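Visitor: Provided herewith is a single structure, encoded as C-alpha cells, for subsequent inquiry.
Set out below in C-alpha cells:
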C-alpha cells in the first residue's frame with residue numbers, strides 16, 4: 001500500500017507509522033477528509049494499509065497532537081476545523097478504543113543526577129522535580145514505555161488527571177505557556193532487562209529510544225525518554241530518481 005511513499009535506491013530504516021502518517025497527510029491535503037465527517041474506522045484503515053492497529057494509532061495520535069485530527073468520544077476521529085482548543089484536547093484523551101496506560105510510579109524527586117541534567121537544573125541546589133514512569137498499551141499489548149521528568153516551575157503539583165494525557169497534551173493543557181518548542185532525538189538500542197520486562201520483549205531485542213524535550217524561552221519544561229519495540233519499524237528498499 002505504501003509504494004507511493006517509497007523512492008528508488010538504497011536500503012533505509014523506515015518507521016511504519018511515519019508511512020501511515022504520510023498517507024493520512026496526503027488524504028487531508030487532497031480534501032479526502034472533511035471536518036464534519038469521521039475518517040475511516042481504525043480497524044478498516046489498518047486492514048487497508050496492511051499495518052496493525054497499534055501502528056495506525058500512533059500515526060493518528062501524532063496528527064492529533066499536531067492539531068490536525070481530533071477524536072470525539074462515541075463519534076470517531078475527525079479532521080479539525082482549526083486550532084484545537086485545550087478543552088478539545090482533554091476530551092480527545094478519553095475513551096480511546098483499545099488504549100490504556102499503566103502507571104509504574106509517580107513521585108517528586110531530589111536524588112540522582114539524570115533528572116537534573118535532563119531538565120537543565122543545577123544538581124547542587126537539589127530542587128525537586130516530578131518523575132512519572134508509565135507503559136502505554138494498545139489492545140493490551142505494550143507499545144511504549146515512557147520515563148517523564150517535569151520541572152516544578154511549570155508543574156507545581158501532579159495528580160491522576162495527568163496520567164492518561166499524551167506528552168504534548170500535558171504541556172498544552174496543564175500549563176498556561178503558549179510558546180513551546182519541542183525537540184527530539186532518536187536512537188536505536190538493544191533492550192535491557194527492565195525495559196524488556198515492561199514492553200514484554202526479549203532482552204537485547206531492537207528498540208527505539210526517543211528523547212523529547214519541551215522548552216519555553218530556553219527553559220526546559222518537561223523531558224521524556226520513551227522506548228518502543230522494534231516491530232514498530234521496518235527496513236524497506238528505497239530508490240531515488242535523479
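Residue numbers (UniProt numbering): 1 to 242.
Positions of the beta carbon are idealized from the N, C-alpha and C atoms, including for glycine.
Computed from a predicted model, the values in this text were never measured in an experiment.
Residue 201 lies in the beta strand (DSSP E); which residues open and close that run?
Guide: Residue 201 -> no beta strand (DSSP E), and no H or E assigned at all.
Visitor: Put residue 34 into one of helix, strand or coil per three-state DSSP.
Guide: Looking at residue 34 - three-state DSSP - the assignment turns out to be coil, as it is neither helix nor strand.
Visitor: Which residue comes first and which comes last in the alpha helix (DSSP H) that contains residue 140?
Guide: That residue, residue 140, is in no alpha helix (DSSP H); it is neither H nor E in DSSP.
Visitor: Less than 7 Å between C-beta atoms, sequence neighbours within five positions excluded: which residues of the same chain meet that for residue 61?
Guide: These residues qualify, in order along the chain: 166.
Visitor: Given that a residue counts as buried once 16 or more other Cβ atoms are within 10 Å of its Cβ, and exposed if not, what is residue 151?
Guide: Per the 10 Å Cβ criterion, buried.
Visitor: Can you tell me whether residue 92 is buried or exposed, with buried defined as 16 or more other CB within 10 angstroms of its CB?
Guide: Only weak support exists for where residue 92 lies, its pLDDT of 38 falling under 50; the value from the coordinates is given anyway. Residue 92 should be labelled buried.
Visitor: According to DSSP, is residue 121 part of a helix, a strand, or is it coil?
Guide: Residue state, collapsed to three classes: coil.
Visitor: Cβ atoms of residue 56 and residue 69: under 9 Å apart, would you say?
Guide: Cβ distance not < 9 Å, so residue 69 and residue 56 don't count as in contact.
Visitor: Give a yes or no on whether the C-beta atoms belonging to residue 136 and residue 170 are separated by under 9 Å.
Guide: No.
Visitor: Report back the beta-carbon spacing between residue 54 and residue 143 to the nearest angstrom; my notes put them in contact at under 8 Å.
Guide: Between residue 143 and residue 54 the Cβ distance is about 5 Å, and since that is below 8 Å, they are a contact.
Visitor: Name the one or two DSSP bridge partners that residue 222 has.
Guide: Looking at the DSSP assignment, residue 222 forms a beta bridge with 150 and 214.
Visitor: Pull up the distance between the alpha-carbon of residue 95 and that of residue 41, whole angstroms please.
Guide: Below a pLDDT of 50, predicted positions are generally treated as unreliable, and residue 95, at 42, falls in that range; no measurement from the model is reported.
Visitor: Evaluate residue 77 with the Cβ neighbour count: other Cβ atoms within 10 Å of its Cβ, from every protein chain shown; 16 or more gives buried, anything less gives exposed.
Guide: Residue 77 should be labelled buried.
Visitor: Contact between the region 205–213 and the region 173–193: three or more CB pairs below 8 Å?
Guide: A contact exists between the region 205–213 and the region 173–193.
Visitor: Give me the Cα-Cα distance between residue 64 and residue 180, rounded to the nearest whole angstrom.
Guide: Cα to Cα, residue 64 sits roughly 17 Å from residue 180.
Visitor: How is residue 80 classed by DSSP in three states: helix, strand or coil?
Guide: DSSP places residue 80 in coil when its eight states are reduced to three.
Visitor: Any idea if residue 7 is buried or exposed, counting beta-carbon neighbours within 10 angstroms, 16 or more meaning buried?
Guide: Its pLDDT being 37, under 50, residue 7 is placed unreliably by the model, and the measurement read from it follows with that caveat. Residue 7 comes out exposed.
Visitor: Is it buried or exposed for residue 9, if we count other Cβ within 10 angstroms and need 16 for buried?
Guide: Below a pLDDT of 50, predicted positions are generally treated as unreliable, and residue 9, at 38, falls in that range; the measurement from the model is reported next regardless. By the 10 Å Cβ count, residue 9 comes out exposed.
Visitor: With respect to the alpha helix (DSSP H) encompassing residue 42, which residues constitute its N-terminal and C-terminal limits?
Guide: Element bounds for residue 42: 42–49.
Visitor: How about residue 221 and residue 175: are their beta carbons less than 9 Å apart?
Guide: Yes, the pair counts as a contact, with Cβ atoms nearer than the cut-off.
Visitor: Using a Cβ-Cβ cut-off of 6 Å (strictly less than) and excluding sequence neighbours within five positions of residue 224, which residues of its own chain qualify?
Guide: Taken in chain order, the residues that qualify are 146, 148, 167 and 212.
Visitor: Please confirm whether residue 33 and residue 58 have their CB atoms less than 9 Å apart.
Guide: No, these two residues do not count as a Cβ contact at 9 Å.
Visitor: Expressed to the nearest angstrom, what Euclidean distance is found between the alpha-carbon atoms of residue 112 and residue 119?
Guide: When rounded, the distance between both Cα atoms is 13 Å.
Visitor: Can you find the residues in the same chain that come closer than 7 Å, C-beta to C-beta, to residue 45, ignoring five residues on each side of it along the sequence?
Guide: Within the same chain, residue 45 has close Cβ partners 56.
Visitor: Taking DSSP's pairing of strands, which residues face residue 69 in a bridge?
Guide: Paired residue(s): 79.
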